[in-house]
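Residue numbers (this note's numbering), protein chains in the order written: chain P, 367 to 735; chain U, 367 to 735. All residues carry an ideal CB built from backbone N, CA and C; glycine is no exception.
2 protein chains.
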Amino acid sequence: MNVGKFLPPTRTLLGPGPSGVAPSVLEAMSQPLVGHLDPSFISMMDEIKAMLRAVMLTENQMTFPVSGTGSAGMEFCFVNLIEPGDEVIVGINGVFGTRMADVAERCGAKVTRVEAEWGRIIEPAQIAAALGKVKPKFVAIVHAETSTGALTPIEEISKIVHGADALLLLDAVTSLGGCPVRVDDWQVDAIYSGTQKCLSCPPGLSPVSLSERAMDAIRGRTQGVQSWYLDVNLLANYWGEGARVYHHTAPISMNYALHEALRLVLEEGLENRWARHEANHNLLRAGLAEMGLGIASQEGHQLWQLNAVSIPEGTDEAAVRAALLNDHGIEVGPGLGPLAGKVWRIGLMGHSSSKENVNRVLAALKELL
Amino acid sequence: MNVGKFLPPTRTLLGPGPSGVAPSVLEAMSQPLVGHLDPSFISMMDEIKAMLRAVMLTENQMTFPVSGTGSAGMEFCFVNLIEPGDEVIVGINGVFGTRMADVAERCGAKVTRVEAEWGRIIEPAQIAAALGKVKPKFVAIVHAETSTGALTPIEEISKIVHGADALLLLDAVTSLGGCPVRVDDWQVDAIYSGTQKCLSCPPGLSPVSLSERAMDAIRGRTQGVQSWYLDVNLLANYWGEGARVYHHTAPISMNYALHEALRLVLEEGLENRWARHEANHNLLRAGLAEMGLGIASQEGHQLWQLNAVSIPEGTDEAAVRAALLNDHGIEVGPGLGPLAGKVWRIGLMGHSSSKENVNRVLAALKELL
Numbered sequence: 367m368n369v370g371k372f373l374p375p376t377r378t379l380l381g382p383g384p385s386g387v388a389p390s391v392l393e394a395m396s397q398p399l400v401g402h403l404d405p406s407f408i409s410m411m412d413e414i415k416a417m418l419r420a421v422m423l424t425e426n427q428m429t430f431p432v433s434g435t436g437s438a439g440m441e442f443c444f445v446n447l448i449e450p451g452d453e454v455i456v457g458i459n460g461v462f463g464t465r466m467a468d469v470a471e472r473c474g475a476k477v478t479r480v481e482a483e484w485g486r487i488i489e490p491a492q493i494a495a496a497l498g499k500v501k502p503k504f505v506a507i508v509h510a511e512t513s514t515g516a517l518t519p520i521e522e523i524s525k526i527v528h529g530a531d532a533l534l535l536l537d538a539v540t541s542l543g544g545c546p547v548r549v550d551d552w553q554v555d556a557i558y559s560g561t562q563k564c565l566s567c568p569p570g571l572s573p574v575s576l577s578e579r580a581m582d583a584i585r586g587r588t589q590g591v592q593s594w595y596l597d598v599n600l601l602a603n604y605w606g607e608g609a610r611v612y613h614h615t616a617p618i619s620m621n622y623a624l625h626e627a628l629r630l631v632l633e634e635g636l637e638n639r640w641a642r643h644e645a646n647h648n649l650l651r652a653g654l655a656e657m658g659l660g661i662a663s664q665e666g667h668q669l670w671q672l673n674a675v676s677i678p679e680g681t682d683e684a685a686v687r688a689a690l691l692n693d694h695g696i697e698v699g700p701g702l703g704p705l706a707g708k709v710w711r712i713g714l715m716g717h718s719s720s721k722e723n724v725n726r727v728l729a730a731l732k733e734l735l
Numbered sequence: 367m368n369v370g371k372f373l374p375p376t377r378t379l380l381g382p383g384p385s386g387v388a389p390s391v392l393e394a395m396s397q398p399l400v401g402h403l404d405p406s407f408i409s410m411m412d413e414i415k416a417m418l419r420a421v422m423l424t425e426n427q428m429t430f431p432v433s434g435t436g437s438a439g440m441e442f443c444f445v446n447l448i449e450p451g452d453e454v455i456v457g458i459n460g461v462f463g464t465r466m467a468d469v470a471e472r473c474g475a476k477v478t479r480v481e482a483e484w485g486r487i488i489e490p491a492q493i494a495a496a497l498g499k500v501k502p503k504f505v506a507i508v509h510a511e512t513s514t515g516a517l518t519p520i521e522e523i524s525k526i527v528h529g530a531d532a533l534l535l536l537d538a539v540t541s542l543g544g545c546p547v548r549v550d551d552w553q554v555d556a557i558y559s560g561t562q563k564c565l566s567c568p569p570g571l572s573p574v575s576l577s578e579r580a581m582d583a584i585r586g587r588t589q590g591v592q593s594w595y596l597d598v599n600l601l602a603n604y605w606g607e608g609a610r611v612y613h614h615t616a617p618i619s620m621n622y623a624l625h626e627a628l629r630l631v632l633e634e635g636l637e638n639r640w641a642r643h644e645a646n647h648n649l650l651r652a653g654l655a656e657m658g659l660g661i662a663s664q665e666g667h668q669l670w671q672l673n674a675v676s677i678p679e680g681t682d683e684a685a686v687r688a689a690l691l692n693d694h695g696i697e698v699g700p701g702l703g704p705l706a707g708k709v710w711r712i713g714l715m716g717h718s719s720s721k722e723n724v725n726r727v728l729a730a731l732k733e734l735l
């Protein structure tokens, strides 16, 4: 069997993720390996945890990257919090809410679905109404729905949830690093993200954080956690503060990459980074408007980092995407579910969120439409 | 918060993994990203699957890397095959057999443990005896026990297992790429490995393969798979042959690395690679013998890629390991469980299995003992 080296084509990644990665992150990832219990690696793990806390704006001890992609982080939160028979409420306004409900049911939860049209947010009143009917262990919300471009505000929902003595679980895969995510201020109890969106690190790790309230709920379990790989009781001894107990072998090179990516986030500063994402979104939005194109998601709740652009009537949307990719080297994403054929998803995430990229994609669309 | 760049120290990785990584693998990993649904990436996924089949000596369609470390591959095999109440037999002669039994019980299996002293192999007669008492869905064996350095022969066990109409599940984390692993010849039905041992790719992916017999068992399930992230029914549509259905975002850079690592394995040739591992093991063994040091695992069944070296009476084993690391830049592993304090684990895996490395570690040990 004779397979040649893989030489990836040059792409500008303006889809729903992965986003473009800074050269210094690629460089960090290509450094020679050390062992996962090497003192130098353990110090680096401590720095990653500290930087993740800074990026998530939390003091939570239990903050670290799960050794899998964002979906593994989702499963981590659900398997650790749910015991069979537990009631949970899941907000569903796109692909990832749908997925959360599926994962919750696989853990044995009784799921109450609170649904909104794809592209719209979950309203606090909907959560309040659901809490009038069931008393759940937690309420799960997708902060930034990557499939629709809608950003559900969390502060008011959090007050309602905690008022009902429930925990709040947040999917921050696409929001973290691109717009405010304030874990402690918002009293988020369980949160997971991905590395390949606004942190601009390759996919493969999922930063997570659990509050003390969440840890108390986990300590109070009467049954074991159904996953060994994702059991926080075991992971706590590996990623914890004291002597490390071998669990799995951490993905060394991916952690090198995450360390550098987090360093870049903090070097830029969270506020500056959010402002950059906002400015480039506004630039894209204005340019699209000039071409008569709008953004499909709910007005006033549109993501800066992921824009669901309405496709003009009569356009062969797949042909436009193929031409963007093949003739311009630009990746944008298709719509999913009810939005398939109706929107393109243009991501301006992390390193990919630049004025230059906005101008490039606008120019290419002008040419193609 | 001001964190400096992480600059890993230079290490020669002669522990239980990760092993050293070839420069071309590091280079492959540092290439710019493409999207995970990019046509170029999808072609590369097909090449990875084909190369994995060649390395595993199988025609199994369902052969691909799980997006997690070897322990995620273990969990993948167990969650897909087990339904609550299923009987399974697990061979336990070290850390990883112990872990398999734990994972199986978390899936709801009734586990029959077949145990051997750490350092010894699981004997075919033990499996035959257990099969006289229970009728399990499958028998799970660790091929190469990384914690003890013992290699359990599989051919005879496989005949006994299939004679009892059960499936055979194999942990090949440390064996694959370092010694013969013949999935089809041995009729292995479910197998998982890791990238960071004899494939000499960084940790983060777990190559797996399922036979048609295993897939039939999975198709015949009456209940859903408890894990969403590891559900083969969903993964089959992502890693399958037809149109790709989005599941998770594959770790792009890690797959670049695995592609190049598999290319190197096939370029060297499996037989040559096995012979190299055998020769360097023999060289180490002879050099140790000259120093009066033996290998603790069962005579005739010692791994080429992982050597459990008996520690001389009265030696401060941790001090020797620390001196190897700090003064010689060589990582070796400590003993685990009942072998803690009794052995060092010297790995000669993949890129790390070289005459030069054997001579370096022997010279360093001579100096320190």
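Which first and last residues belong to the alpha helix (DSSP H) in which residue i is found?
{"i": "P/G543", "result": "Per DSSP, P/G543 belongs to no alpha helix (DSSP H) and is neither H nor E."}
{"i": "P/F444", "result": "G436 to L447"}
{"i": "U/W605", "result": "V598 to W605"}
{"i": "U/T464", "result": "V461 to R472"}
{"i": "U/W640", "result": "L636 to E656"}
{"i": "P/G590", "result": "P/G590 -> no alpha helix (DSSP H), and no H or E assigned at all."}
{"i": "P/M411", "result": "P405 to M422"}
{"i": "U/M395", "result": "P389 to M395"}
Going by other Cβ atoms of all chains shown within 10 Å of its Cβ, with 16 needed for buried, is residue i buried or exposed?
{"i": "U/G707", "result": "exposed"}
{"i": "U/D597", "result": "buried"}
{"i": "U/K415", "result": "buried"}
{"i": "P/D555", "result": "buried"}
{"i": "U/V461", "result": "buried"}
{"i": "U/G434", "result": "buried"}
{"i": "U/A506", "result": "buried"}
{"i": "U/R585", "result": "exposed"}
{"i": "U/A538", "result": "buried"}
{"i": "P/D404", "result": "buried"}
{"i": "P/S718", "result": "buried"}
Nearest CA to the CA of residue i: which residue from the options?
{"i": "P/D550", "options": "P/Y558, P/G529 and P/S577", "result": "P/S577"}
{"i": "U/V369", "options": "P/R687, P/V480, P/T512 and P/L624", "result": "P/L624"}
{"i": "U/G386", "options": "U/P568, U/G586 and U/L650", "result": "U/P568"}
{"i": "P/F430", "options": "P/N446, P/V445, P/M411 and P/L447", "result": "P/M411"}
{"i": "U/T809", "options": "U/L735, U/E522 and U/P382", "result": "What the structure shows of chain U is the stretch from 367 to 735, and residue 809 of chain U is not part of that stretch, so it cannot be assessed."}
{"i": "U/D693", "options": "U/V400, U/A655, U/E511 and U/R377", "result": "U/R377"}
{"i": "U/C564", "options": "U/G485, U/E634 and U/D452", "result": "U/E634"}
{"i": "P/T464", "options": "P/L731, P/V477 and P/A583", "result": "P/V477"}
{"i": "U/Q397", "options": "P/L392, P/I408, P/S593 and P/K499", "result": "P/L392"}
{"i": "P/E471", "options": "U/Q589, U/A685, U/E683 and U/T514", "result": "U/Q589"}
{"i": "U/L739", "options": "U/L534, U/A609, U/G436 and U/A394", "result": "Here chain U comprises residues numbered 367 to 735, so residue 739 of chain U is not present and cannot be evaluated."}
{"i": "U/M440", "options": "P/I487, P/W594 and P/G660", "result": "P/W594"}
{"i": "U/L654", "options": "U/R726, U/H643 and U/G703", "result": "U/R726"}
{"i": "P/G701", "options": "P/S718, P/A689, P/I677 and P/S720", "result": "P/I677"}
Where do the N-terminal and C-terminal ends of the beta strand (DSSP E) with residue i fall, by residue?
{"i": "P/S572", "result": "S572 to L576"}
{"i": "U/K476", "result": "K476 to E481"}
{"i": "P/L533", "result": "L533 to D537"}
{"i": "P/Y558", "result": "A556 to Y558"}
{"i": "P/E453", "result": "E453 to I458"}
{"i": "U/N673", "result": "L672 to S676"}
{"i": "P/A341", "result": "Nothing about residue 341 of chain P can be read from this structure; chain P reaches only from 367 to 735."}
{"i": "U/R711", "result": "V709 to G713"}
{"i": "P/P431", "result": "M428 to V432"}
Just checking my contact of residue i with residue j at CB under 8 Å: how many whole Å lie between their CB atoms?
{"i": "U/L705", "j": "U/A662", "result": "7 Å"}
{"i": "U/I618", "j": "U/V675", "result": "39 Å between Cβ atoms; not a contact."}
{"i": "P/G543", "j": "P/R639", "result": "6 Å"}
{"i": "P/V454", "j": "P/P502", "result": "5 Å"}
Requested in this report: Name, going along the chain, the residues of the region 512-527 of chain P whose beta-carbon falls closer than 7 Å to a beta-carbon of chain U.
Outcome: none
**Report entry** Near-chain U residues of the region 457-468 of chain P - C-beta to any C-beta below 9 Å
**Finding:** V461, R465 and D468
**Report entry** chain U contacts made by the region 606-621 of chain P, where a contact means CB separation under 8 Å
**Finding:** Y612, H613, H614, T615, A616, P617, I618, S619 and M620
Requested in this report: Compile a chain-ordered list of the residues in the region 416-435 of chain U whose CB is closer than 8 Å to at least one CB of chain P.
Outcome: A416, M417, A420, S433, G434 and T435
Query raised in the report: What residues from the region 588-604 of chain P come within 9 Å of chain U, judged by C-beta to C-beta, listed N to C?
Result: G590, V591, Q592, S593, W594, Y595, L596 and D597
**Report entry** Residues in the region 404-415 of chain U having any Cβ partner in chain P nearer than 7 Å
**Finding:** D404, S406, M410 and E413
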